[in-house]
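The structure appears right after this line, and notes come after that.
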Amino acid sequence: MEPQRSAESKLDDGVHRFLDEYFKLSDIRERTTEYVNMFTEDAAFILDSQPCKGTTEITAAMEALWATISWRKHTIRDASPYGNNPGQVEIHGSVDLELLDGQKKTLVFTSRGHLTPVESEWGYKWDSYQVFIDLAALA
């Protein structure tokens, strides 16, 4: 999955590669551990209104989410810098998914986070990340 990028995006190619891999992993249930490894060990993560702190809580949140859906696929409309901090990123997109009862849904989201440079395959990890999405729509 390649996110669409606005012509004025000022994110560097390394950040775009990180985001491509991040969303690819987030859509594969069996790769939750690799997905969570894209966060620092003490990262703050908020999904809708559910706060998590650290990789153990993020893993639990992802496992709980996967327990309600059979598949999901993110589409990224735009990813761009946010605010004056060069590590801040804002992302706009949608996620298509299927609930375990067979209902298919599309949810729109915006997310914001801070990437910290690290020695890793992707060069960055989230140290904070918040997803603005209405998970009540899954009920």
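Residue numbering for the sequence shown follows the numbering used here, starting at 934 and increasing by one per position. All residues carry an ideal CB built from backbone N, CA and C; glycine is no exception. All figures in this text were calculated on a predicted structure; none of them were measured in a lab.
Spatially closest choice to residue i from the options, by CA coordinates
| i | options | result |
| --- | --- | --- |
| serine 1013 | Glu1023, Glu990, Phe978 | Glu1023 |
| alanine 997 | Asp1011, Arg962, Trp1055, Tyr1057 | Arg962 |
| glycine 1026 | Val1041, Gly1016, Leu1032 | Val1041 |
| serine 1065 | Ala993, Glu1031, Ala1072, Ser1044 | For the record, residue 1065 in the displayed sequence is phenylalanine; it is not serine. Taking only the C-alpha atoms, the option nearest phenylalanine 1065 is Ser1044. |
| leucine 1033 | Thr988, Arg1005, Gly1016, Thr965 | Arg1005 |
| lysine 943 | Asn1017, Phe956, Val969 | Asn1017 |
| lysine 1038 | Ala1072, Lys957, Gln983, Phe978 | Ala1072 |
| tyrosine 1062 | Tyr955, Asp960, Asp945, Gly1035 | Tyr955 |
| phenylalanine 972 | Asp960, Thr989, Gln983 | Thr989 |
Length of the line joining the Cα atoms of residue i and residue j
| i | j | result |
| --- | --- | --- |
| valine 1028 | threonine 1008 | 6 angstroms |
| glycine 1020 | histidine 1047 | 5 angstroms |
| glutamate 935 | alanine 1070 | Residue confidence is low: glutamate 935 scores 49 on pLDDT, short of 50, so the model does not pin down where it sits. No coordinate-derived value is stated. |
| aspartate 981 | leucine 1068 | 6 angstroms |
| arginine 938 | aspartate 1011 | Since pLDDT at arginine 938 reaches only 44, below the 50 mark, its modelled position is unreliable, and no value is offered. |
| methionine 995 | threonine 1049 | 21 angstroms |
| threonine 966 | cysteine 985 | 16 angstroms |
| phenylalanine 978 | threonine 992 | 11 angstroms |
| glutamate 974 | tyrosine 968 | 12 angstroms |
| tyrosine 1015 | aspartate 945 | 13 angstroms |
Presumed contact (8 angstroms Cβ cut-off) between residue i and residue j, rounded CB distance
| i | j | result |
| --- | --- | --- |
| alanine 1000 | glycine 987 | In fact, because the Cβ distance is near 20 angstroms, the residues do not count as touching under 8 angstroms. |
| serine 1003 | glutamate 1031 | 5 angstroms |
- Message: Quick check on the DSSP output: what are the complete alpha helix (DSSP H) runs of length 4 or more inside the region 937-982, in order along the chain?
- Response: 946-959, 965-969
- Message: Which runs of the beta strand (DSSP E) at least 3 residues long sit entirely within the region 1006-1043? Give them in chain order.
- Response: Within the region 1006-1043, the complete beta strand (DSSP E) runs of at least 3 residues are 1021-1032.
- Message: Tell me whether the region 1048-1068 and the region 945-952 touch, counting them as touching only if at least three CB pairs, one residue from each stretch, are closer than 8 angstroms.
- Response: yes
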